[in-house]
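A.B. asks:
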Amino acid sequence: MAPAAKLLTLISAGISRLNATHGAQCVVRVNEFLVQNHAGTTTPIRCKNWRAQWLGFPGSWKDRVYRTPPTIFDPESSSLFSCGNSFVDFEEPPLRFIQMLLQYFLPHASQLGFFLDPDRFYERALLSLPFGDHRRPSPALLCAVYLWGIHFSKETPPPNFSEADLLHRSREYVSLDISSPVHVEQIIQAQILLGTYLMHNGSLLQAELYCSGAATLAIGYQLHKIRSARMPSDVVGQLAGDPVEEGERIRAFWAVTFLQTSLCLAFGSRRPFYVLETLGPEIDAPWPLEIADYHASVLPRDYLGQQSIKHLLIDDSFPVSTIYMLQTKASVFCTTFHDCRVTAEMHSSASPQMTSYPWLDTRISLFWQSLPPLHVFSGTADPSASRSLALSHALVAAAAIKLHRNAGAGVAAQAKTVAAASGILECLRPTLRDGNVPTVHPVVGPLCAMACSVLMAEVRTVRAFRQAWAASLGPEFTPSASTEEDALVAGVRDGLATMGVYAEESVLIAEQWKLVQEQYATL
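Have a look at this one:
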C-alpha cells in the first residue's frame, strides 16, 4: 500500500478515538503530507455535452433509452488502473442491468448525499470500458452506487452481486482507491454513500469511520478553502476543469459536514474531529448550489469567500436560496447552535451580544422564517425537493431545541422547545405515493426520536403539576387530564406513527422507533 494510503487508513481507523484538538492536528499533518507528496495523475475532465440538466431537461438520464455514451476523457490521461490490477476479479453485470441500477438509484440520490453531477456520472458509468478504467467512475464509487441501486430495486441480483457482496466490494475498493486518487471528489462521494448506507442499517460506528475518512480527504485537499479570500484557492492536486467540477468539490465539502451532523444527531452527542467545530473560523468555501447553477455559471468568477460559518451566524440576511443550500445551512445551525459557549469559542471576534441566548434565538427564528413553506414542492413531479425542504425545517427545529434546552428551565424556553418538537413531527410526516414508503435520509429517525422525547418530557411535567395540584386540594379532588396533556400525548402517537412508516425501510429508524415505543410505554 502506498504511503498516502497507509497514512489516511491509519487516521480513519483511529479518528473516532481522538478529541477535537488531536483531530485538528491530524488534519494539519495530512495536509502537509499531501502538499509535499501529491502529484496530479490525470488531465482535467472536459465534458462536451454538459448542458443537459438532470431535473427533467431533455437528454438527461431520466429521459434516455440506453445507448453507448461518448468517450469524454482525454485519452492521454495516465490510467490509474490497468487490466492487470486488483479489480479484474470483479465481473460487472450487463450494461442494461447497470443502467437499471443507476435509474433506481438516481431519483433518490439527493436524499443520500450524492453531490456529483448525475448526468456526467450516468454517462461515464455506462462507458463500454473495463471496470477500473480511469475514464469511468472509480471502482469504489461504482460499487457504492450499485449497492444502493440493488437496495432500491428489490430485484433478485445476479450471482455475487447482492447487497452483502457489494458492501464488501465497496469497503475493499475504498481502501484501494484512496492510495492514488484520480479525483478526490469521487472517493469522498464513495465514502459518503457508504457511510450513509451503514448509518441507514444502524452501523453507526462504521458509518462514522467512513465519514471521518471523507472529512480527512476534504480537509487534506483544502476543499474548505475553495474560493478563499485569504489564500490561493487552488486545492491540492489538479485544478477543476470547469465550473461544474469546481461546484462538485464545493458540494463535496458541505456533504461531509451534513453527514457528520447527521451522525452527531444519531449518537446524541458531539463526536471527535467534527469539521464545523474544529475548523469553523477557517472555512471559506462558498455555500453549495444546485448542479444546474454551476452549469449556468451562477457563481461569479471573481467571488471570494471568508469565514462562511461566521457570516451565516452573524451577518447573513437569509436571501432566497436553493433547497440544497438551505439544507446545508440548516445542518450547520443544528450543530453550531449547540449552546452559546460553542458559538463563542468558534468566533472569538464576535461581541458578547452576538453569542448570547437572545441573539442566537433571533438568528434561528429569522432563518426558519426564511425557509419556503412546506407545500411549495408538494405538487411537483420531483418529490426529492419536497423531502429536502422538510428536512431543512426539521434540522433548524432541532437547532432550536438544542438552544432552548441549554437556556435553562424557563417557561418561554420550554414552550419554544415543545413548539419546535411539534414542528419536526409535522414537517416529517410521510406522504405516501402509490402506497410506497418515501426514501428519506436516515437522520429522520434521530430527529423524530428527539421530538418525541421532548413531548414525552413535557407530558411528565404536566402530569407532575396536575398531581401536585391534586395533592394540595385534598384526596377528594382528582383533576382529569388537561387538553394540553391530551394534545401532547397525541403528538407522541403521531410521531410514533411517522417513525413506523419510515422504519419499514431503515434499520436505524426501526431501532429508534423501538426505543421511543419503550419510553412511551412507561408514560
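Numbering (mature numbering (1 follows the signal peptide of the UniProt record, and there is no 0)), first residue to last: -23 to -1, 1 to 500.
Beta carbons are placed, not taken as given, at the ideal position from N, Cα and C, and that holds for glycine.
1. Report yes or no: do three or more beta-carbon pairs, one from the segment 90 to 100 and one from the segment 223 to 233, lie closer than 8 Å?
2. Expressed to the nearest angstrom, what Euclidean distance is found between the alpha-carbon atoms of A480 and A487?
3. Do you know whose CA, among S365, P296 and L465, lies nearest S399's CA?
4. Could you tell me which residues DSSP puts in a beta bridge with G282?
5. Which term fits M208, buried or exposed, when burial requires 16 or more other beta carbons within 10 angstroms of its beta carbon?
6. For F250 and S189, which I take to be in contact (beta-carbon distance under 8 Å), what is that distance rounded to the nearest angstrom?
7. Are P419 and A192 closer than 9 Å when you measure CB to CB?
8. Could you have a look at T499 and say whether DSSP puts it in helix, strand or coil?
9. Quick one: grab the DSSP three-state call for Y187.
10. Flag this pair as yes or no: are the beta carbons of L253 and P263 separated by less than 9 Å?
11. According to the neighbour-count rule (16 or more other Cβ atoms, all chains shown, within 10 Å of its Cβ), is S87 buried or exposed?
12. Hey, how far is the Cα of A447 from the Cα of L432?
13. Does W264 come out as helix, strand or coil in the three-state DSSP assignment?
14. Is the CB-CB distance between S483 and H177 below 9 Å?
15. Could you compute how far the alpha carbon of P471 sits from the alpha carbon of V395?
16. Considering only C-alpha positions, which residue in the set S115, F74, A141 and H85 is nearest to S365?
17. To the nearest angstrom, how far is it from the Cα of F67 to the Cα of T173?
18. Going straight from the alpha carbon of L170 to that of A434, what length do you get?
19. Could you tell me the alpha carbon to alpha carbon distance between S130 and V388, rounded to whole angstroms?
20. Below 8 Å, can you find three or more Cβ-Cβ pairs linking the segment 119 to 128 to the segment 140 to 156?
21. Return helix, strand or coil for Y174, following the three-state DSSP convention.
22. From L500 to D463, what distance separates their C-alpha atoms?
23. Starting from the N-terminal side, write out each stretch of the alpha helix (DSSP H) that is 4 residues or longer and does not extend beyond the segment 418 to 473.
24. May I have the straight-line CA-CA distance separating S347 from H111, to the nearest angstrom?
25. Once DSSP output is grouped into helix, strand and coil, what is the label at Q30?
26. If I follow the unbroken alpha helix (DSSP H) through A376, where does it start and stop?
27. Helix, strand or coil: how does DSSP classify D292 here?
28. Would you say Q494 reaches chain D, if we count a Cβ-Cβ gap shorter than 9 Å as a contact?
29. Round the Cβ separation of Q183 and L175 to the nearest angstrom and send it over; I've been treating them as touching at under 8 Å.
30. In the DSSP assignment, the alpha helix (DSSP H) including H128 goes from what residue to what residue?
31. Just to confirm, is the Cβ distance from P258 to Q284 under 9 Å?
32. Taking the continuous alpha helix (DSSP H) assigned at D338, which residues delimit it?
33. Only counting the same chain, and skipping five residues up and downstream in sequence, which positions put a Cβ closer than 8 Å to that of G477?
34. Thinking C-alpha only, which one of A390, N413, L380 and S369 is nearest L402?
35. Output the distance between the C-alpha atoms of S246 and G109, rounded to the nearest integer angstrom.
C.D. replies: The structure says:
1. Contact holds: three or more Cβ-Cβ distances are below 8 Å.
2. Straight-line spacing of the CA atoms in A480 and A487 works out to 4 Å.
3. When each option's Cα is compared against that of S399, the closest is L465.
4. Answer by DSSP bridge pairing, in chain order: S205.
5. Answer is exposed; the Cβ neighbour count stays below 16.
6. The Cβ separation is near 6 Å, so the contact holds.
7. No, these two residues do not count as a Cβ contact at 9 Å.
8. Shown here, T499 sits in coil according to DSSP, grouped into three states, outside any helix or strand.
9. Of the three classes helix, strand and coil, the one that applies to Y187 here is helix, per DSSP.
10. Result no, Cβ atoms of L253 and P263 do not sit closer than 9 Å.
11. Buried.
12. Rounded to whole angstroms, the separation of the alpha carbons of L432 and A447 is 22 Å.
13. Three-state DSSP puts W264 in coil, outside helix and strand.
14. Yes.
15. Residue 471 is actually Asp in this sequence, not Pro. Taking C-alpha positions only, D471 is separated from V395 by approximately 15 Å.
16. The shortest C-alpha separation from S365 is found at H85.
17. Rounded to the nearest whole angstrom, the CA to CA distance from F67 to T173 is 23 Å.
18. About 35 Å.
19. Cα to Cα, S130 sits roughly 49 Å from V388.
20. Short answer: they touch.
21. DSSP places Y174 in helix when its eight states are reduced to three.
22. Going from the Cα of L500 to the Cα of D463 covers about 13 Å.
23. Taking 4 residues as the minimum length, the alpha helix (DSSP H) runs contained wholly in the segment 418 to 473 are 421 to 450, in order along the chain.
24. Between S347 and H111, the C-alpha separation is close to 43 Å.
25. Since pLDDT at Q30 reaches only 30, below the 50 mark, its modelled position is unreliable, and the value read off the structure follows with that caveat. The three-state secondary structure of Q30, taken from DSSP, is coil.
26. In the DSSP annotation of this structure, the continuous segment of the alpha helix (DSSP H) that includes A376 starts and ends at P360 to R382.
27. DSSP places D292 in helix when its eight states are reduced to three.
28. Of the chains in the structure shown, none is chain D; there is only one protein chain.
29. A Cβ-Cβ distance of about 5 Å is found for the pair Q183 and L175, placing them in contact under the 8 Å criterion.
30. Its alpha helix (DSSP H) spans residues P116 to S130.
31. In this structure, Q284 lies closer than 9 Å to P258 by Cβ.
32. Note, D338: alpha helix (DSSP H), Y334 to S347.
33. Sequence-distant partners of G477 (beyond 5 residues in either direction) whose C-beta falls short of 8 Å from its own C-beta, in its chain, are W490.
34. It is S369 whose Cα lies nearest to the Cα of L402.
35. Straight-line measurement puts the Cα of G109 at about 39 Å from the Cα of S246.
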